[in-house]
Amino acid sequence: MNVSPNSKRIGAVIVAAGRGTRAGGALPKQWQFIAGKRIAAWTAERFLARSDIAQIVLVIHPEDQQFANEIKGIQITFGGATRDASVRAGLEALGADITHVLIHDVARCTVSDSVIDGVVTALGTADAAAPALAVSDALWHGTNGKVSGTQDRTGLFRAQTPQGFALPAIRAAHRAFNGMAADDVEVARAAGLDVTITQGDESNLKITTPDDFKRAQAILERSMDIRVGNGFDVHAFEDGDHVILCGLSIPHSKALKGHSDADVGMHAITDALYGALGDGDIGQHFPPSDPQWRGAASEIFLRHAVDLAHARGFSISHIDCTLICEQPKIGPHADAMKTKLAALMQLDRTRISVKATTSERLGFTGREEGIAALATATLVKP
Ligand code: MG
4 MNVSPNSKRI GAVIVAAGRG TRAGGALPKQ WQFIAGKRIA AWTAERFLAR
54 SDIAQIVLVI HPEDQQFANE IKGIQITFGG ATRDASVRAG LEALGADITH
104 VLIHDVARCT VSDSVIDGVV TALGTADAAA PALAVSDALW HGTNGKVSGT
154 QDRTGLFRAQ TPQGFALPAI RAAHRAFNGM AADDVEVARA AGLDVTITQG
204 DESNLKITTP DDFKRAQAIL ERSMDIRVGN GFDVHAFEDG DHVILCGLSI
254 PHSKALKGHS DADVGMHAIT DALYGALGDG DIGQHFPPSD PQWRGAASEI
304 FLRHAVDLAH ARGFSISHID CTLICEQPKI GPHADAMKTK LAALMQLDRT
354 RISVKATTSE RLGFTGREEG IAALATATLV KP
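Numbered according to the numbering used here, the sequence shown spans residues 4 to 385.
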C-alpha cells in the first residue's frame, strides 16, 4: 500500500554495529575521526540536519556506547551479530507513528541531501527505493591474476544507501528473511517488493579501505565553509561616570558617546560577524538615524548578528576582541566580559577572547579621548 507523501513520517536507521577494522586503526572505522569528527557523527548529522526525518536510530555494538553518547539528538539501540540482526533491531526501535524508514550504512558519511531527496521522493509512490549508479567501467572475471572472461555491464548497478522502505513492508520482509543479505534491497526483493532505483552519487562513498578515508576527508573538507570577519569601532569619551564594554558596566571618570549604549567592544564583535557573513555592518542593520536605537543596549545588535549566522547554517567557532585604551584598566574585568559574551552568544567561554592594550600614550586613545576596539570572528558551516 502506498501512502501520499503528505502522510509520510520518516525514520532513519543508521547501521553502526560492525566491528570492521579493514580500514585500519584500533577502533571500528565508524568511531574513527575524519576531518575533526567521528565518522558516525558526520553520518548522523546528515540526517539530523533534515526537517523531514522524524526519528533517527543509531544501531551500535554495546562496547561503543561511550562514543555514541557523544552524538546528540539520536536514539541508540544495540545491534546483533549480523547486519540483518542489527537492521531488525533498528526497525523495532522506531516509533509507532513512523510510516517509512531510510536504512543507511554508517560508513557512508558523505551522503548528500540530493541522494536522500531522491529516495524520499520515490517513496511517495513506491514502497521501496534505493540509490545506485550504473556501472560504467568494463567488467572482467579474473582468475590467478589473469582475465578469464568478460561480463556485459548492461543493466548492472552499484548499490548505495540510504535504502528507503514503507516500514511495515520492510519489517515483515526482515522477519521472514533467512540467510545473509548484502543489503536491505535484497531482503525486500526476497519478500516480493518492487524496488525503484534512484540517482546515486559518486561522492556517496562507503569508507572501507585506508584510501577511502582520504577521499571522504577531501569531500567533507571541500564542503566545509570557514569564514573569518573583522570589525573595528571607536567611540569618544564624554562626561559621565561609567562605560559599557562587552556588556559590562565599568565605573570610570568618563562615559562613551554614541547613539546606542556605545559599547565599542560589542560593536566591533558584531561587525566582525556581519563581515564574516558578507552582510554589511552594524550601521546598515541598525541605522543611527533611526530614533528607536537611541540608547539601545548593544546586545540587541550582537544577538541579531548571531541569529543571522545561525540562520545561514554557521556556527561561531571563535571570537577575539581587543580593546585599546589607557583607562579604564580592562584586565580585572576581562574574565567577566568573556562570561557575559559567552551567555549572549550561547558559546563556550573557551571560544571567546577579550584582551586589551594601550597605545603607549600615542594617538587619540593615548590622549584618552576615546576607546577603540578590534574584533575577529570565525564562522564554520560543516
Ligand atoms: Mg559603534
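Even for Gly, the Cβ is constructed at its ideal location relative to N, Cα and C.
DSSP, reduced to helix, strand and coil, places THR379 within a strand of the structure shown.
Contact between the segment 106-118 and the segment 159-171 is present, with at least three C-beta pairs closer than 8 Å. A distance below 8 Å between beta-carbons, with the five flanking residues on each side excluded, links ARG364 to the following residues of its chain, in chain order: GLU329, ARG370. Secondary structure note for THR146: its beta strand (DSSP E) is the uninterrupted segment 142-146. As summarised for the segment 19-90, the continuous beta strand (DSSP E) elements at least 3 residues long and confined to that stretch are 56-63, 78-81, given in chain order.
Collapsing the DSSP output to three states places SER10 in a helix. The secondary-structure analysis by DSSP pairs ASP284 with nothing; it has no beta-bridge partner. Here GLY316 is not near GLY278, since their CB atoms are 9 Å or more apart. Fewer than three pairs of CB atoms, one per stretch, sit closer than 8 Å, so the segment 194-206 makes no contact with the segment 247-260.
In this structure, the beta-carbon distance from ALA359 to THR325 falls below 9 Å. Residue nearest to ARG297 within the set GLY261, GLY152, ALA169 is GLY261 (criterion: CA-CA distance).
For PRO134, the enclosing beta strand (DSSP E) begins and ends at 131-137.
Per the C-alpha coordinates, the member of GLY158, GLN69, TRP143 positioned closest to GLY152 is TRP143. In the three-state DSSP reduction, GLU189 falls in the helix class (H, G or I). Inter-segment contact for the segment 129-149 and the segment 92-100 is absent: fewer than three beta-carbon pairs are separated by less than 8 Å. Between LEU350 and ILE229, the gap from beta carbon to beta carbon reaches 9 Å or more. Taking 8 Å as the cut-off, the C-beta of ASP293 does not count as close to any heavy atom of the ligand MG. Put simply, the backbone Cα of THR157 is about 9 Å away from that of ALA137. When the five nearest sequence neighbours on each side are left out, the beta carbons in the same chain lying within less than 7 Å of the beta carbon of ASP282 are those of LEU311, in order along the chain.
For ALA20, the number of other beta carbons within 10 angstroms of its own is at least 16, and it is reported as buried. Those residues having their beta-carbon less than 5 Å away from any non-hydrogen atom of the ligand MG are, in chain order, ASP236, HIS270. Looking at the DSSP output, LYS384 bridges to ASP228. For PRO171, the enclosing alpha helix (DSSP H) begins and ends at 170-179. In the DSSP annotation of this structure, the continuous segment of the alpha helix (DSSP H) that includes SER117 starts and ends at 116-125. If only uninterrupted beta strand (DSSP E) runs of at least 3 residues are considered, those enclosed by the segment 297-367 are 318-327, 355-360. Looking at the DSSP output, ILE106 bridges to VAL16, GLN166. If you look at SER256, you'll find it isn't in any beta strand (DSSP E); DSSP assigns it neither H nor E. In this structure, the beta-carbon distance from ILE74 to ALA47 falls below 9 Å. Going by C-alpha positions, SER10 is about 11 Å away from LEU126.
In the structure shown, GLY152 falls within a strand segment according to DSSP collapsed to helix, strand and coil. Cβ contact annotation for GLY167 (same chain, cutoff 6 Å, sequence separation greater than five): LEU105, VAL122, LEU126, ALA132, in chain order. The three-state secondary structure of LEU248, taken from DSSP, is strand.
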